[in-house]
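Here the structure is laid out as structure tokens; the discussion comes afterwards.
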Amino acid sequence: MTLSDVAIKRPVFTSMISLGIIVLGVLGYSRLGVNLFPDVEFPAVTVTTVYPGASPAEMETQVTEKIEDAIVSLPGIDRIQSWSRDSVSNVVIFFELDVDPVEAATQVRERVAQIRAQLPREVEDPTVVRLDISAAPIMTYTLSGDADLNRLRDFAEDDIRPYLEQVDGVASVSVNGGRERQINVELDVDRLIALGMTPLSVVEQIQRENLSVPAGGFDEGDRRIAVRTLGELVSIDELRQLPVGTGADGSLVRLGDIGTVEDGFADQTTIVRSNGRPAVVFAIMKASGSNTVEISEGVRARLAELPMPAGVNATLVMDQAEFVLENAHEVQIALWFGGAMAILIILVFLMDLRSTFISALALPTSVLGAFFFMYLMGFTLNMMTLLGLSLAIGLLIDDSIVVRENIMKHLERGEDPEVAASKGTREITLAVLATTATLCAVFVPVAFTGGMVGQFFREFGLTIAAATVLSAWVAFTLDPMLSARLAKKIEGGAHAGHDDGAFGFIKRPLRGFYETLDSLYASLLVWLLGKKWRMAVVLFLAFACFVGSQMLVPLMGSEFTSAEDRGQFNVDIELPAGTRLEESARLSALAENELGQDPLFTNIYVRAGVNGAPNMVTWTVICPPKNERDVTQVELEHRTRDAILRHIPEAEIAISPPGIVEGGRDYGMELHVVGDDFASIAETANFFYDTLRGIPGTRDVDRQYSPGSPQLEVHVDRDRASQLHIPLALIARTARASIEGEVAGQYRDGDDEVDIRVRLRPEDRAHAGLIANLRIVSPGGFVPLSDLATVGRGEGPAEIQRSNRRRTIVVTASAEGRPIGDVLAEFEQRIADHPMPAGVSWELEGQAKMMNESNSNMAIALLLGIVFIYLVLASQFESLMHPVTIMMALPLAFVGAFVALFLSHSSMSMGATIGFILLMGLVTKNGILLIDHAVTKVREEGWSPHAAILDAGPSRMRPILMTSAAMVLGMLPTALNDGPGSEFRAPMAIGIIGGVISSTLLTLLVVPVFYLMMEGLRERTADFWVRWVLGRPRAPGGARKAVSIAREPEQPIADAAEE
């Protein structure tokens, strides 16, 4: 007894199973998180080390290289990247995808701890943390009001941050703007010299006097009494009165006697503005795996509860949850509309409300069941899962259409509904199983492709596969059960007359149209298969169409993903090296103020002094949603660039959209020029820079290297210093303590710990002459720095980047009006004849690299899909030949896909490639329906292949047209929708629509022709084997009988006489 027979015999059991799937689906849907993209996790660890006052070159040699050498031998490392900047070293270790990120972080932490003693003493302890690339800002607020900006920062740090970090899913809250509180001790150099002191000795004195030390304890009766020596400073005045030495007359010298002690703020290293006004900005960072929408709701609720100081307001600048919800809403509309169109197709073709209702039940059951599967797998409602369901909406109803249409044929023969449901389902079981298996065979490899593409499309592929399996379940259980219970027996068969009821004026013309279409197709098929030369012409034309469509591919170009209009983009502005922070902020404000007058610029969030570089300014530009403006985001980017260049002509500008990975940046091309000799690297990077600027379609070409950063260089005369018994380390520490300052400890104010920074007064370190005259203590007294070293001006890089322990200069560029793949191809062609310096190489990163990886992974997925489809079909049909016949539909689908993409001005992107893979599963359905019918006639009823395919064509044309029309109309909303995220979804749907149309039309003609040719080849091969290999005489006569082909006994279509 088959599954469908069990369902027919036990209707209550079948109904309860289906109802259970729906209930579980509703439950799973209610618990699904909502995000923009699937959570992408790449094992990565970052090591951050602070060495106050150190130059980028010093950070590289004394910190970065040592950390890299310590961790390079760890297992599973993919690549190491590092950045050495003023006072800061960042080393990022990327591991292979199968490495446990927690274990990787532990191993890195252990290796760094082992080499801590090799780092300079003044280096702060390195911080080792897992790099969570999805822990990105999803909300940004500005804090404004009557209070001082620095007090606003204190409020954000002390009240807002800890309060919001309690919200589930919030990884952290970052605060920018204003200045951090700091106790500033600024010393008078003349008084220091008079007392024989240096800033370094003052630092050491404060450290000795500002501490509390446990001294053990003693027993007092039944109690244990702890002893502590309390010496921590309890007030600023106490610090000011701290003894630091003695005068010539033996009197105490206090800290306040040799300098000023003020409760103030640290030097400003960044300037933050929002809409042209200085601001304090706090950003909400999302933890990996958390729900973006729930975090947004939680943060909004918490802020509403938090009492704000009088006159202080928190204004929401950006909330990614809004875009997530808009994007999800657009996909859900496409899903609902697509489902409605697919149901309409059933009604139009079957002209029966019962059939429409029965088939339509496949949609809610499959979709809701898929939601429960997503919940079990830990998936979220994101662009990929919803896109998969919206694209598959027509696919999910296909099996039910095929089953119901075949049941209807048996009903029209006058069979009892229960018998018709059982026989109709049993006849089509093999075909439905084959189509379901081929679809799963296509999508499962997509789910397990490697790299970033695999991470993104895992949820996409598995969700569609699960929904497809559920749709097959519905087709084998719910459909036959309801058909047996709800259908009416047609007395006298199909020609006993039709009771069309009140809608007869619609049904009769449609029925006549379908019968005419069947007759015309049957006649065309008989004509085509009547002569071998006609069959050859059909195959030649199909081949010509395929070859012609391939010629369109180079004209379309290729890219990773189409640029999305999210109403947000990033602007990186680089001013000439050496520009002061205040000047960078002032020049940026001129352009900000101009654009701020335009209502299309909702907010411009500006940070000057990015990554410690005073000449770097970053903008985050927020615009209204694209459905609320008539101007494209590209035009707004042009306006932004023009405004900046009007006010800062010498600026280097790079505009980029938000990254695919939340919070990142997407540069079209990143060229990493790697080598050991920095001059050769710079020469090659400059050549790449000039080459890219000369390629049409490129914009924002930039080198991430500033060679002209001015600096004052101190070259110590080691011999002279040794003669005076002055260690070089003492010279360096004294210079840093005098200029940059040293943190001499912390002042505890309630729960806050405030740094105490000691250095010379600004007027004592204001120019190079004063610095050259710094006093260095020696056993014989003070020695001017100029007596120990040569002090002169020079230039050095503001940042040193390394890739896999070799110096690197990164050249970036974006494409506009031209696919990035075309730009990359022309770039490679132009540099092909340029010899690279010895020891210098280059690596591709950014979208261009992801595009290449995507193409490689998708090619593998396509190949695996073809292999698995063949394996499944060969197993189902127990034939090595029939799968080849069915798979002839694959190249026919690509014809329409390429033409549709070309006519819609789409490029070959990741979305379009996924559409091709989806097509592979879709178009084989048509071939399966045709060949399954023909093979059944040949094997079970002894028909000739010629007669069988003549009967299969007209018999299966209507379900083929129905499923194809359902698929096309189901995807039409996705293809035509212009809402948020449509740039990614539309090419996929457009390619599928074109492919389904072309494969449907060509399959009905090409597959029958190819089937007969393969059957002829099989018979000739068998005859050769029997006669010439086995040496047996050929059996006289044909093995199969001629059968009169008649869809209805009264209306024969053709005789089955063999040619």
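When we follow full-length UniProt numbering, the leftmost residue of the sequence shown carries the number 1, and every step to the right adds one. We put the beta carbon where it would ideally sit given N, CA and C, even for glycine.
Residue i versus residue j: straight-line alpha-carbon distance, rounded
{"i": "A889", "j": "G388", "result": "22 Å"}
{"i": "K9", "j": "L470", "result": "20 Å"}
{"i": "M392", "j": "N926", "result": "It should be noted that the sequence gives Ala, not Met, for residue 392. Cα to Cα, the separation comes out at about 16 Å."}
{"i": "A147", "j": "R153", "result": "10 Å"}
{"i": "E220", "j": "E232", "result": "27 Å"}
{"i": "V299", "j": "M139", "result": "9 Å"}
{"i": "E1059", "j": "C545", "result": "In this predicted model, E1059 has a pLDDT of only 38, less than 50, meaning its place in the structure is not dependable enough to derive any value."}
{"i": "G663", "j": "L824", "result": "Low per-residue confidence applies at G663: pLDDT is 42, beneath 50, and the placement is therefore not dependable enough to give any value."}
{"i": "M551", "j": "A651", "result": "42 Å"}
{"i": "G276", "j": "R31", "result": "42 Å"}
{"i": "F1010", "j": "T1021", "result": "16 Å"}
{"i": "T429", "j": "T106", "result": "54 Å"}
{"i": "F304", "j": "Q568", "result": "Checking the sequence shown, residue 304 turns out to be Ala, not Phe. Taking the straight line joining both Cα atoms gives about 26 Å."}
{"i": "V47", "j": "N90", "result": "6 Å"}
{"i": "L211", "j": "A737", "result": "21 Å"}
{"i": "N382", "j": "N35", "result": "5 Å"}
{"i": "L19", "j": "M351", "result": "27 Å"}
{"i": "C440", "j": "L922", "result": "11 Å"}
{"i": "I997", "j": "F513", "result": "20 Å"}
Whole-Å CB distance - residue i paired with residue j, under 8 Å assumed
{"i": "P126", "j": "I67", "result": "7 Å"}
{"i": "A643", "j": "A608", "result": "Contact flag wrong, Cβ pair sits at about 17 Å."}
{"i": "V895", "j": "S549", "result": "4 Å"}
{"i": "L919", "j": "G995", "result": "4 Å"}
{"i": "T785", "j": "R720", "result": "Looking at the sequence provided, one finds Leu at residue 785 rather than Thr. Rounded, the Cβ-Cβ distance is 11 Å, inconsistent with contact."}
For residue i, three-class secondary structure by DSSP
{"i": "R179", "result": "coil"}
{"i": "G338", "result": "helix"}
{"i": "M962", "result": "helix"}
{"i": "R1020", "result": "helix"}
{"i": "E652", "result": "strand"}
{"i": "E220", "result": "strand"}
{"i": "T270", "result": "coil"}
{"i": "A502", "result": "Only weak support is given to the placement of A502: the predicted model assigns it a pLDDT of 49, under 50, and the value that follows is read from those uncertain coordinates. DSSP places A502 in helix when its eight states are reduced to three."}
{"i": "I1053", "result": "Model confidence at I1053 stands at a pLDDT of 40, short of 50, so the residue's coordinates are unreliable; what they give is reported in the following sentence. Looking at I1053 - three-state DSSP - the assignment turns out to be strand."}
{"i": "P696", "result": "coil"}
Identity of the residue in the options nearest residue i by Cα
{"i": "A360", "options": "A447, W336 and I917", "result": "W336"}
{"i": "E742", "options": "V170, Q182 and V102", "result": "Q182"}
{"i": "A732", "options": "I622, F688, F448 and V777", "result": "V777"}
{"i": "E816", "options": "R765, L587, G865 and D700", "result": "D700"}
{"i": "M910", "options": "E1019, Q723 and G557", "result": "G557"}
{"i": "Y163", "options": "P43, I93, L306 and A117", "result": "L306"}
{"i": "G780", "options": "H725, L36, L482 and T438", "result": "H725"}
{"i": "residue 1112", "options": "S144, A321, Q118 and A54", "result": "For residue 1112 there is no data in the structure shown, the boundaries of the chain being 1 and 1059."}
{"i": "L892", "options": "M1014, T913, N627 and L1005", "result": "L1005"}
{"i": "residue 1141", "options": "T246, E795, G991 and V606", "result": "The requested residue 1141 is not part of the displayed model; the chain covers only 1 to 1059."}
{"i": "W533", "options": "V754, M1013, V72 and L788", "result": "M1013"}
{"i": "P576", "options": "N593, R566, A613 and D319", "result": "A613"}
{"i": "V40", "options": "V112, E459 and I346", "result": "E459"}
{"i": "S879", "options": "T936, D719, M920 and A44", "result": "T936"}
{"i": "N857", "options": "V783, F456 and L930", "result": "F456"}
{"i": "L478", "options": "T14, D1023 and V996", "result": "T14"}
{"i": "S588", "options": "V538, C623 and T640", "result": "T640"}
{"i": "T468", "options": "A362, E564 and L525", "result": "A362"}
{"i": "V6", "options": "I604, P480 and R720", "result": "P480"}
{"i": "T436", "options": "E412, F782, E110 and I928", "result": "I928"}
{"i": "V442", "options": "T463, T425 and W619", "result": "T463"}
Chain B contact for residue i (CB, 8 Å cutoff)
{"i": "R807", "result": "Within the model displayed, chain B is absent; a lone protein chain is all it includes."}
Assess contact between the segment 277–295 and the segment 254–262, defined as three or more Cβ pairs (one per stretch) separated by less than 8 Å. Is contact present? no
Quick one: any contact between the segment 947–963 and the segment 393–403, if contact means 3 or more CB pairs under 8 Å? yes
Using 8 Å as the Cβ pair cut-off and three pairs as the minimum, do the segment 162–171 and the segment 184–199 touch? Touching, no.
Contact the segment 429–449 vs the segment 848–866: 3+ CB pairs below 8 Å: yes
Would you call the segment 671–688 in contact with the segment 762–772, where contact means no fewer than 3 C-beta pairs closer than 8 Å? no
Validate contact between the segment 48–62 and the segment 798–806 using beta carbons, cut 8 Å, 3 pairs: Using a C-beta cut-off of 8 Å, the segment 48–62 makes contact with the segment 798–806, since at least three inter-stretch Cβ pairs fall below that distance.
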